Each structure stands twice: as structure tokens, then as C-alpha cells.
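Participant: Residue numbers (this note's numbering), protein chains in the order written: chain A, 82 to 173; chain B, 647 to 1130.
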């Protein structure tokens, strides 16, 4: 049984705010989805160790310097920037 | 609905210029997109200059690539330098990538003409295109119906003759299901066949880019030109070379089609009937049908949702309002800024999946959900391996039902997830599958089937699909867009 406190905790980990008035409906939705996910715990088939779907491992490349993007380009989409850096927080 | 090869012929024989062809599509988009909602960003200036460059080549007697000068579109989750790429989410509004996705680099080099970016469920999370922040794409067969999702805009554009072909992405059916709903062809390639570099990540171990077209021939041609190793994607396969186009018309008599009985459960009667008729058609082409059980398939849907949401919760952690996209305006601390940015920027379905993903990865639940789902993924992979010991391809429906009316899907999340039952197993196992029309429902909406192959056997499934298409001729043009 998933509680409202669980939802608040997951929301905090996910960095999402859930308004108080939406908590009950979201809890109900999540309970439904988790009950559905729980069906795998009644699986009557053997699980198999699984590595990765590409079937590849350790894709190495030569350690050579290649052209990269400029600071100006990297900052092009930043909502706020200052002195060639991303600005995380504007001063109040 | 002209094929790419026919348009190529018109271009090289100077019956039409690429500019004229592109202008026809631009005019049609300006007229019909208001109703269809297929496109969310337009790039007409870029399209016309690409068309002019191709025309100049033709004028100078230079040979042009089969895809040169052909107007097309990309799903809005593929990075296009300088052209808005938003995944139809408020959180990426205004974002203009500073580099191109590898698929777009490949096509651009060949002279492709990009008309714009197409509509999708927000971050590809949905099966009806209704979670898009721009509103849903409509089905060109009947605009009261959804186009499907998540690549609904691509299906609507191609089915509605507003693009010759589209690239979509398929994480749990997002190419095949909308293609089926709109009565076109959609190919989900083998995991690792097409580079994912520049595709905005939803669930990285499941995502794959593929073509949406009006014929199997076009799907093969486009696939051959986007597939191949890319050093920028460490999961792309270094050995695979796509050569499907040349192998379309091989005889399939004596070949075996496998049908897993689990795929035939819970279907609408008309979908079951069309699937059975498709099997009869293949028998008439000389193929043998074998039936078997795949009990592992009944866990495919919860396994898919656990893994996809877990990966999404990690992938979408990057949207913090600092480097790109939307940023909350009023906040008190860094934590407050990030939480507000994400809460205001993401839609409800995306938030739901991030929360579920965070839950199944959190301490105390990881083993019960994520680890268990990974092991069942291994069991599903093993079940497909076993199936392909006794057949060349598998045949299955694409969805238990045909396109539904707009607004009829969103209310119950579980019910919505159930409709992905036929498509998700292929992504879990990393296999290729093609969706193509196999009938029409009583309400006039198309019914689709999928042909599933073993890893890197795109050539085989395209060959089977081509044979079926030639034998049935079920592709119908919708009453929208460019008439050629």
C-alpha cells in the first residue's frame, strides 16, 4: 500500500512539487500502476540474468583530441548566463 | 501517393523541380495542418534552400542521391541544429539544438528536404499523441480519431500527404502503432541498427529511430540510408550493414511464419479476423504457419513500464532549468528553482512516469521491481530466441483495437498502457518489426499487422512485408495534402 507520505518522498527525490490538493488523486493513480507492476512478482517463469540489449561491451575509441563546441554555442540555450558560465540562480 | 523512386525519376527527368515539389508540400501544410496538427515547427526556408541546392545539381548534370530533393519530416525529439526541438514539452520550449542528430546529418548530406518537425506525445510518453503540449495530431482517415502515438505527427503527416516520409522513434510501439492507426508503413529497426545520437532520450535501452512511409519499398530505402555504425552512439552495432532495398522481391515459399498464441488474446474481433486473413494470404504465397506458446509475453507490459519509467526518471533528470529550456521565474533557492521548473515544465503523464521510475529504483524497491524486471527481460529475450529457431518471421497484430476517438484514452492510465501489449515485446527484446496495413475496420479505420524478425533481419521482414503489400494492395490515399 503506497501512502501519501511515500508520494511526497518520491516527489522530493524526483525534484517535483505535488500540490496538496492533487496528492489523493495521484496516490490512487500510483497505487493502480504499482499494483499492475506488482504482477511481475507472481511470475511463474524463471528469470534470466540480463546484461545489455545491444550485446556489446566496452566500446573503446582512440584517445585523440577532436574539435568540440565553443563556449558561446554551449551557452546559446541557457536561460541565464554570466561571464561565460551558466547562471544557476539569479540574485534576488 | 507517389513512391520515392517515382519522385526521384520525375526530378532527374526534369518533369518537376525539387523547389516545385517542395512548394506543393508547403502549400498543402499551410492549408491542412490547422486541421491535422501534424507539424509543430516548420522549416520552410531551410527546405527551399535544400531544394534549390538539389535543383542546381540536377541542372549541372550531376547525379543525385535517391533521397535528394524529397520533402520529409522528423519527429520533434530529433535534434536539428538551429531548428526548434521540443519533444512537444513546455520544458524544452524555444530550445534550438547546437548540433544535428546523426540520422539528420546522414539525410541532409544526401539532399533531404526537411519541411518541419512533427507532433508527438510529450517526451514520447503516450499512445495517442494527446499528451503533446501543442495538442493532438489528428488521424487523416477521420479527424475525429487519434493519429496514435507517440509518433502521431509523423503518421498524420505521411498518411495525410503532408510529407513523403517521416522519421519516428519507437520505444514501446511509437512508430508501429501510429503507422497502423493511420494506415501507413512503419519500421522499428533492431536495437543498435540506427544511431540514437541526437535523439532526445526517453528510455535508452528501448529507443530506436525508424522510417514511416506509404510503401514497404520506401521504408527499405530510407532505412538503408539511416542505418549503420556511428561512433557517437556506443550502442550502435559496428558490424551491421543495411542492404534491404535490393532484397525486397525474394520468393518466400517454403518459409515459416510463427504465431505466438498470446498475441491473439484480447483482440477486437475485426482485428483478429484481419490477422487471420493475413495469415491465409501468406499461405497462398507459399509460406507455412506454425503456432506456439510464449508464456513470458504475459509479463511484457509490466516489465516494459518498470524499465521504461526507470530509465526515463534518470534521463529526464537533466531538465533543471540551468543549461537549456524552460526555467521558473520566481523561486527562493536552487532546490526551489529546479522543482518549480520541473513541476511547471513537465505534463502530468511525464511526471507520473518519473515518479514511478524513481519509486522502482529507490532503496527497498530496486530488487523487487527493477532487478526482477531486468531478469524477466532476459526471459523474454530467451523466449524470442527460441521462437526464431522454428520460424523465419513472426506475425502479430499491432494493437488490440484500431484508432479510437480523440479524448477517449487519457482517463485511466492502466487501460491506456494495456493498448501497448502487442508492441512492447519487440522493444524489450531489441528486435526489428514492421507495421503495415492488413484490413479496414467497420468504422473505416485501418487495421495493421506487424512482422517481427530476429535481430538484424530487417531484410527478411521487409521482404515478407513487400510480398504481402504486392498481394493485397491495401494502401489507400487519404483526402488531404499533396495529390501526385
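In this text, a Cβ means the ideal position worked out from N, Cα and C, and glycines have one as well. Computed from a predicted model, the values in this text were never measured in an experiment.
Residue 159 of chain A CB to nearest chain B CB: under 8 Å?
Facilitator: Indexing the first chain from 1 puts residue 159 of chain A at position 78. Yes - at least one Cβ of chain B is within 8 Å of the one on residue 159 of chain A.
Participant: Anyone know if the C-beta pair for residue 1033 of chain B and residue 1040 of chain B falls short of 8 Å?
Facilitator: Numbered from its first residue, the second chain carries residue 1033 of chain B at position 387. Numbered from its first residue, the second chain carries residue 1040 of chain B at position 394. Yes, Cβ-Cβ distance for residue 1033 of chain B and residue 1040 of chain B is below 8 Å.
Participant: Interface residues of chain B around residue 95 of chain A at Cβ under 7 Å?
Facilitator: To locate residue 95 of chain A, count along the first chain from 1; it is residue 14. Per Cβ cutoff of 7 Å: 959, 1000, 1001, 1004.
Participant: On a CA-only basis, which of B:733, B:747, B:708 is nearest residue 726 of chain B? Give me that one, please.
Facilitator: What you label residue 726 of chain B is simply residue 80 of the second chain in a count that begins at 1. Looking at the Cα atoms, B:747 is the closest of the given residues.
Participant: Against chain A, does residue 948 of chain B count as a neighbour if the rule is that its beta carbon must be under 8 Å from one of theirs?
Facilitator: Within the second chain, the letter at position 302 stands for residue 948 of chain B. So, interface residue.
Participant: Going by DSSP, what residue range makes up the alpha helix (DSSP H) through residue 682 of chain B?
Facilitator: Along the second chain, one-based indexing puts residue 682 of chain B at 36. Start and end: 664-682.
Participant: Determine the extent of the beta strand (DSSP E) in which residue 687 of chain B is found, giving its start and end residues.
Facilitator: For the purposes of this step, residue 687 of chain B is taken as residue 41 along the second chain, with counting starting at 1. Start and end: 685-688.
Participant: Please confirm whether residue 108 of chain A has its beta-carbon closer than 8 Å to some beta-carbon of chain B.
Facilitator: Mapped onto the first chain, residue 108 of chain A falls at position 27. No, no contact with chain B.
Participant: Looking at residue 1121 of chain B: is its Cβ nearer than 8 Å to the Cβ of residue 788 of chain B?
Facilitator: Reading the second chain from its first residue, position 475 is the one you call residue 1121 of chain B. Reading the second chain from its first residue, position 142 is the one you call residue 788 of chain B. Not closer than 8 Å, so no.
Participant: Mapping the DSSP letters down to three states, classify residue 1037 of chain B as helix, strand or coil.
Facilitator: One-based indexing of the second chain puts residue 1037 of chain B at position 391. Correct three-state label for residue 1037 of chain B: coil.
Participant: Between the region 1059-1074 of chain B and the region 107-118 of chain A, do at least 3 Cβ pairs fall closer than 8 Å?
Facilitator: The region 1059-1074 of chain B is in contact with the region 107-118 of chain A.
Participant: Could you tell me the distance, in whole angstroms, from the CA atom of residue 999 of chain B to the CA atom of residue 115 of chain A?
Facilitator: The residue given as residue 999 of chain B occupies position 353 in the second chain. The residue given as residue 115 of chain A occupies position 34 in the first chain. Cα to Cα, residue 999 of chain B sits roughly 11 Å from residue 115 of chain A.
Participant: Against chain A, which members of the region 1018-1029 of chain B pass a CB distance test of less than 8 Å?
Facilitator: Here the close residues are 1018, 1019, 1020, 1021, 1022, 1023, 1024, 1025, 1027, 1028.
Participant: Considering residue 1096 of chain B, what are the terminal residues of the beta strand (DSSP E) in which it resides?
Facilitator: Numbered from its first residue, the second chain carries residue 1096 of chain B at position 450. It spans 1092-1098 - the beta strand (DSSP E) in which residue 1096 of chain B sits, taken as one unbroken run.
Participant: Taking the beta carbon of residue 811 of chain B as the centre, do at least 16 other beta carbons fall within 10 Å, making it buried, or is it exposed?
Facilitator: The sequence position of residue 811 of chain B within the second chain is 165, counting from 1. The residue in question, residue 811 of chain B, is buried, as its Cβ has 16 or more Cβ neighbours within 10 Å.
Participant: Please confirm whether residue 647 of chain B and residue 1081 of chain B have their CB atoms less than 8 Å apart.
Facilitator: Against the second chain, residue 647 of chain B aligns to sequence position 1. Against the second chain, residue 1081 of chain B aligns to sequence position 435. No, the pair does not count as a contact, with Cβ atoms beyond the cut-off.
Participant: What is the rounded straight-line gap between the Cα of residue 1085 of chain B and the Cα of residue 801 of chain B?
Facilitator: For the purposes of this step, residue 1085 of chain B is taken as the residue at position 439 of the second chain. For the purposes of this step, residue 801 of chain B is taken as the residue at position 155 of the second chain. Straight-line Cα distance between these residues: approximately 17 Å.
Participant: Looking only at its chain, what residues have a beta carbon closer than 6 Å to the beta carbon of residue 970 of chain B, apart from the 5 residues adjacent to it on each side?
Facilitator: As a first step, residue 970 of chain B is located in the second chain; it is residue number 324 there, counting from the start. Excluding sequence neighbours, residue 970 of chain B sits near 741.
Participant: Might you give, ordered along the chain, the residues of its own chain that have their beta carbon closer than 8 Å to the beta carbon of residue 908 of chain B, omitting 5 neighbours on each side?
Facilitator: Stepping through the second chain from its first residue, residue 908 of chain B is reached at position 262. Excluding residues within five positions, the ones whose Cβ falls inside 8 Å are 939, 940, 941, 943, 944.
Participant: Have a look at residue 737 of chain B and residue 161 of chain A and give me their C-alpha separation to the nearest angstrom.
Facilitator: Taking the second chain and counting its residues from 1, the one referred to as residue 737 of chain B is at position 91. Taking the first chain and counting its residues from 1, the one referred to as residue 161 of chain A is at position 80. Their Cα atoms are separated by approximately 15 Å.
Participant: Would you kindly work out how many angstroms separate the C-alpha atoms of residue 663 of chain B and residue 701 of chain B, rounded to a whole number?
Facilitator: Taking the second chain and counting its residues from 1, the one referred to as residue 663 of chain B is at position 17. Taking the second chain and counting its residues from 1, the one referred to as residue 701 of chain B is at position 55. The alpha-carbon atoms of residue 663 of chain B and residue 701 of chain B are separated by roughly 6 Å.
Participant: Do residue 768 of chain B and residue 996 of chain B have their CB atoms nearer than 8 Å?
Facilitator: Locating residue 768 of chain B in the second chain gives position 122, counting from the first residue. Locating residue 996 of chain B in the second chain gives position 350, counting from the first residue. In this structure, residue 996 of chain B lies closer than 8 Å to residue 768 of chain B by Cβ.
Participant: List the endpoints of the continuous alpha helix (DSSP H) containing residue 742 of chain B.
Facilitator: Within the second chain, residue 742 of chain B is the residue found at index 96, counting from 1. Run containing residue 742 of chain B: none; DSSP gives neither H nor E here.
Participant: So the candidates are B:918, B:1083, B:991; which of them puts its Cα closest to the Cα of residue 778 of chain B?
Facilitator: To locate residue 778 of chain B, count along the second chain from 1; it is residue 132. It is B:991.
Participant: Between the beta-carbon of residue 785 of chain B and the beta-carbon of residue 828 of chain B, is there less than 8 Å?
Facilitator: By 1-based counting over the second chain, the position of residue 785 of chain B is 139. By 1-based counting over the second chain, the position of residue 828 of chain B is 182. Their beta carbons are under 8 Å apart, which means residue 785 of chain B touches residue 828 of chain B by this criterion.
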